[in-house]
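Engineer: Structure provided below as structure tokens; questions to follow.
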Amino acid sequence: MLCDQCHERDAVLNLTQIVENAVTQLHLCEKCAAERGIETTVSMPKHPLGDFLQAVQQQALLLPGDATKCSYCGISLKDFRASGRLGCAHCYGAFEQSLRDLLRRVHGSAQHVGRTYAVPNPELLERDVSLGALRAQLQKAIESEEFESAARLRDEIRTLEIALIR
Amino acid sequence: MTLDLSLLPDGGVPWLAASGEHSGIVLSSRIRFARNVAGYAFTARARDGERLRVLAQVREAVPRVPSLVNSVVLRLDEMNLTERQLLHERHLVSKELAALEGGAEARSGAAVLVSDDAGVMVNEEDHLRLQVFRSGFDVNGAFQAATKLDRELGGEVPYAFHHEFGFLTSCPTNTGTGMRASVLIHLPGLVLTQEISKVLQGLQQMGLTYRGLYGEGSEVIGNFFQISNQTTMGRSEDELAEHLTRVVRRVIEQEEEARRVLLRDAGYIIEDKLWRAYGTLRHARSLPADEAMNLLSGVRLAVGLQLLSGLSVYTLNKLLIFSQSAHLSLEAGRTLTESEANLARARHVRQVLASEAGLADR
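Line order of the protein sequences matches chains A and B.
Going by this note's numbering, the first sequence opens with residue 2, and the numbers climb by one from there.
Going by this note's numbering, the second sequence opens with residue 53, and the numbers climb by one from there.
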């Protein structure tokens, strides 16, 4: 439906006015509604990522102490800036300083309050850490075209991953 | 795979029952926890095999998780678009998990476990999205059930957790508790009296945010708002749930007050407008989705104001969900075009209302 006022844009707001018992119905686009001083509650709510990505953009430089890349999943802070998504749990360690700063801006605090958690089987997590190291080695082996050790690492990773499920 | 809806306990939507407190105004209360399984890259970064292993690990744990023992596993990566959309219309899966945009297939390992009122989305933006719905205004009930599910599942599947940052999520806006508490609320009184923007601004000042009927990125339509906490860190899960409950209770009072004002200052105009909405739904031959939603909003208000009796909120809740496109397509046995869906929607609404008409007409 087109806007009743400008007849150009799509109407996003259905305005019902009651003046001295007479009802008028107007379908307005966001712009014409704004001109009449009506806040458009029907428009898309502001994306929460908007603020947050802006906050990320402002961090032009790596904070000291942060890695350039996550050794587990391989994403950089730049990749994170582009997508707004971290690659894995280990990114929180790799980019700890920058993330602490960011979390504080997004949530007003960078300290988790509330339920704590202990993994049911800590042995699994040790495997998880060695998996990360193996994956990093695999990446290096592929980059330097050492295919024999890459194949060996791949098999080791597979064995560990299967063990993790069991 | 063909989606067999009879497998779903209560169709996966027991919250439509309109049984909880203030169910005329609050359709549902929901708690969700975002969790990731330790040992894998987050979903977007994970390889196909890793996502399948996440799913396998969760399924393997199900027999030891009381909240999920009776659950059904639905594989979105084996469904067609209409089936995935239908699950989305029932709020069982997010738009992202159902891959509704861009004609894409659902990613491998994308699945949802559905139990009575609990569900787990697998391989959404985070590996696991645990959610519990309750009918009406019952944030605490949903919170208790979701917490139980979370403890049970977390005791079987290792979550990614950090001593300082809490539960680790793909997007830092969810880090910490990973919890989103929300209510789906109908606020036509505040919209008609134009008080709504003040109320929404107030929400934002109190750390809450609002979205449309289908959550993030969805439009507000039919005066249905989803109100939820904006931040997930720095406050405990209990505090987040209590805070939402407190603020929403106040919003309900304001909505009730707005309805009293409407009836007092514009009684017969409102009555006429709402009966017209009912008349259109009873007799229209073609109903576009948006129009149906707006008319249903009007009739819901009429029932709330006791102008229209005999029509149950349960029926209106069902119409809201079951008159959507994918539901109509599934009923027709094929994918309907938009204009075909409009005809089918009008027919569906007419039939449902006619069966309760003896009660409603007076």
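Cβ coordinates follow ideal geometry from the N, Cα and C atoms, glycine included.
Predicted model, so just to flag it, every value in this text is computed and none were measured.
1. Is the distance from the Cβ of residue 55 of chain B to the Cβ of residue 135 of chain B below 7 Å?
2. Quick check: the stretch 95 to 104 of chain B against the stretch 114 to 126 of chain B, are there 3 or more CB pairs under 8 Å?
3. Please classify residue 192 of chain B: does DSSP put it in a helix, a strand, or coil?
4. Where do the N-terminal and C-terminal ends of the alpha helix (DSSP H) with residue 285 of chain B fall, by residue?
5. Say whether chain B places a C-beta atom closer than 7 Å to the C-beta of residue 110 of chain A.
6. Which of helix, strand or coil does DSSP assign to residue 11 of chain A?
7. Near residue 408 of chain B, which residues of its chain fall below 8 Å by C-beta distance, leaving aside the five closest residues on each side in sequence?
8. Can you confirm whether residue 97 of chain B, when its beta carbon is compared against all beta carbons of chain A, has any partner nearer than 7 Å?
9. Kindly say whether residue 217 of chain B, judged by its beta-carbon, lies nearer than 7 Å to any beta-carbon of chain A.
10. Starting from residue 101 of chain B, trace the alpha helix (DSSP H) in both directions and tell me its first and last residue.
11. Take residue 153 of chain B and list the residues in its own chain whose beta-carbon comes closer than 8 Å to its own, dropping the five residues that flank it on each side.
12. Looking at the unbroken beta strand (DSSP E) that takes in residue 238 of chain B, where does it start and where does it end?
13. Considering Cα atoms alone, identify which of B:338, B:307, B:313, B:350 is closest to residue 328 of chain B.
14. Do the stretch 186 to 205 of chain B and the stretch 66 to 84 of chain A make contact, defined as three or more Cβ pairs closer than 8 Å?
15. Taking its Cβ as the centre, do 16 or more other Cβ atoms sit within 10 Å of residue 25 of chain A, making it buried, or is it exposed?
16. Residues of the stretch 82 to 110 of chain A in Cβ contact with chain B at a cutoff of 7 Å, in chain order, please.
17. Suppose the cutoff is 7 Å on Cβ atoms and the five residues either side in sequence are ignored; what does the same chain contact list for residue 140 of chain A look like?
18. Residues in its own chain within less than 7 Å of residue 339 of chain B by CB, not counting five upstream and five downstream?
19. Could you tell me the distance, in whole angstroms, from the CA atom of residue 383 of chain B to the CA atom of residue 159 of chain A?
20. Return the Cβ separation of residue 77 of chain B and residue 237 of chain B in integer angstroms, given the expectation that the two are a contact with Cβ distance under 8 Å.
21. Just the Cα atoms here: how many angstroms apart are residue 275 of chain B and residue 326 of chain B?
22. Counting only beta-carbon separations shorter than 7 Å, does residue 287 of chain B have a partner in chain A?
23. Would you mind sorting residue 121 of chain B into buried or exposed? The rule is 16 or more other CB atoms within 10 Å of its CB.
24. Which residue wins for smallest C-alpha separation from residue 403 of chain B, given the options B:381, B:111, B:391, B:375?
25. Rounded to a whole number of angstroms, what is the C-alpha to C-alpha distance between residue 290 of chain B and residue 89 of chain B?
26. Within the continuous alpha helix (DSSP H) that includes residue 76 of chain A, where are the two ends?
27. Please return the same chain residues whose Cβ sits closer than 7 Å to the Cβ of residue 332 of chain B, not counting the five positions on each side in sequence.
28. Is residue 359 of chain B close to chain A, meaning its C-beta is less than 7 Å from at least one C-beta of that chain?
29. Which term fits residue 337 of chain B, buried or exposed, when burial requires 16 or more other beta carbons within 10 angstroms of its beta carbon?
30. Can you check whether the CB of residue 233 of chain B is closer than 7 Å to the CB of residue 281 of chain B?
31. Where in the stretch 304 to 383 of chain B do unbroken runs of the alpha helix (DSSP H), each at least 4 residues long, occur, reported from the N-terminal end onward?
32. Who are the near neighbours of residue 170 of chain B in its chain, counting only those whose CB is closer than 8 Å to its CB and skipping five residues on each side?
33. For a contact meaning CB atoms closer than 9 Å, what does residue 232 of chain B contact in chain A?
34. Compile a chain-ordered list of the residues in the stretch 324 to 337 of chain B whose CB is closer than 9 Å to at least one CB of chain A.
35. Would you call residue 109 of chain B buried or exposed, if buried means 16 or more other Cβ atoms sit within 10 Å of its Cβ?
36. Where does the unbroken beta strand (DSSP E) through residue 81 of chain B begin, and where does it stop?
Structural biologist: Straight from the coordinates:
1. Here residue 55 of chain B corresponds to residue number 3 of the second sequence, with the count starting at 1. Here residue 135 of chain B corresponds to residue number 83 of the second sequence, with the count starting at 1. Cβ distance < 7 Å, so residue 55 of chain B and residue 135 of chain B count as in contact.
2. no
3. Translated into positions along the second sequence, residue 192 of chain B becomes position 140. If DSSP states are grouped into helix, strand and coil, residue 192 of chain B belongs with the helices.
4. In the second sequence, the residue the question calls residue 285 of chain B occupies position 233. Counting along the chain, residue 285 of chain B falls outside any alpha helix (DSSP H), and DSSP gives it neither H nor E.
5. Numbered from its first residue, the first sequence carries residue 110 of chain A at position 109. It does: the Cβ of residue 110 of chain A has a partner Cβ on chain B nearer than 7 Å.
6. Residue numbering aside, residue 11 of chain A sits at position 10 when the first sequence is read from its first letter. Of the three classes helix, strand and coil, the one that applies to residue 11 of chain A here is strand, per DSSP.
7. Position 356 of the second sequence, counting from 1, holds the residue named residue 408 of chain B. The answer, listed in chain order, is 362, 363, 364, 367.
8. Translated into positions along the second sequence, residue 97 of chain B becomes position 45. At least one chain A Cβ lies under 7 Å of residue 97 of chain B.
9. Here the question's residue 217 of chain B lines up with position 165 in the second sequence. Yes, because at least one Cβ of chain A sits closer than 7 Å to the Cβ of residue 217 of chain B.
10. For the purposes of this step, residue 101 of chain B is identified with residue 49 of the second sequence, where counting begins at 1. Note, residue 101 of chain B: alpha helix (DSSP H), 100 to 113.
11. As a working note, residue 153 of chain B is residue 101 in the second sequence. Within the same chain, residue 153 of chain B has close Cβ partners 147.
12. Counting from 1 along the second sequence, the entry for residue 238 of chain B is found at position 186. In this chain, the beta strand (DSSP E) harbouring residue 238 of chain B covers 231 to 238.
13. Taking the second sequence and counting its residues from 1, the one referred to as residue 328 of chain B is at position 276. When each option's Cα is compared against that of residue 328 of chain B, the closest is B:350.
14. no
15. On the first sequence, position 24 is the one that residue 25 of chain A refers to. Of the residues assessed, residue 25 of chain A falls on the exposed side of the cut-off, its CB having fewer than 16 other CB atoms within 10 angstroms.
16. 85, 86, 87, 88, 89, 90, 93, 100, 103, 104, 107, 108, 109, 110
17. Locating residue 140 of chain A in the first sequence gives position 139, where the first residue counts as 1. Hits under 7 Å: 75.
18. Working through the second sequence from its first residue, we reach residue 339 of chain B at position 287. 394, 397, 398, 401.
19. For the purposes of this step, residue 383 of chain B is taken as the residue at position 331 of the second sequence. For the purposes of this step, residue 159 of chain A is taken as the residue at position 158 of the first sequence. Their backbone Cα atoms lie some 45 Å apart in a straight line.
20. Looking up residue 77 of chain B in the second sequence gives position 25. Looking up residue 237 of chain B in the second sequence gives position 185. The Cβ separation is near 6 Å, so the contact holds.
21. Along the second sequence, read from residue 1 onward, the residue named residue 275 of chain B stands at position 223. Along the second sequence, read from residue 1 onward, the residue named residue 326 of chain B stands at position 274. Roughly 14 Å between the two C-alpha positions.
22. The sequence position of residue 287 of chain B within the second sequence is 235, counting from 1. It does: the Cβ of residue 287 of chain B has a partner Cβ on chain A nearer than 7 Å.
23. Residue 121 of chain B sits at position 69 when you count from the first residue of the second sequence. Burial call: exposed.
24. Position 351 of the second sequence holds residue 403 of chain B. Out of B:381, B:111, B:391, B:375, B:375 has the C-alpha closest to the C-alpha of residue 403 of chain B.
25. Along the second sequence, one-based indexing puts residue 290 of chain B at 238. Along the second sequence, one-based indexing puts residue 89 of chain B at 37. The straight-line gap from Cα to Cα measures roughly 23 Å.
26. The sequence position of residue 76 of chain A within the first sequence is 75, counting from 1. Element bounds for residue 76 of chain A: n/a, residue is neither H nor E.
27. Mapped onto the second sequence, residue 332 of chain B falls at position 280. In the same chain as residue 332 of chain B, and ignoring 5 residues on each side of it, the C-beta atoms closer than 7 Å to its own belong to 347, in chain order.
28. Mapped onto the second sequence, residue 359 of chain B falls at position 307. No, because no Cβ of chain A sits closer than 7 Å to the Cβ of residue 359 of chain B.
29. Translated into positions along the second sequence, residue 337 of chain B becomes position 285. With fewer than 16 other beta carbons inside 10 angstroms of its own, residue 337 of chain B counts as exposed.
30. Start at 1 with the first residue of the second sequence, and residue 281 of chain B comes out as number 229. Start at 1 with the first residue of the second sequence, and residue 233 of chain B comes out as number 181. Taking 7 Å as the Cβ cut-off, residue 281 of chain B and residue 233 of chain B qualify as a contacting pair.
31. 341 to 356, 365 to 374
32. Counting from 1 along the second sequence, the entry for residue 170 of chain B is found at position 118. Closer than 8 Å at Cβ, skipping near neighbours: 119, 120, 123, 182, 183, 184, 197, 198, 201.
33. Position 180 of the second sequence, counted from the start, is the residue given in the question as residue 232 of chain B. Near residue 232 of chain B there are no residues of chain A at all, since even the closest Cβ is about 11 Å away, more than 9 Å.
34. 324, 325
35. Residue numbering aside, residue 109 of chain B sits at position 57 when the second sequence is read from its first letter. Residue 109 of chain B is buried by the Cβ-count criterion.
36. For the purposes of this step, residue 81 of chain B is taken as residue 29 along the second sequence, with counting starting at 1. Its beta strand (DSSP E) spans residues 78 to 87.
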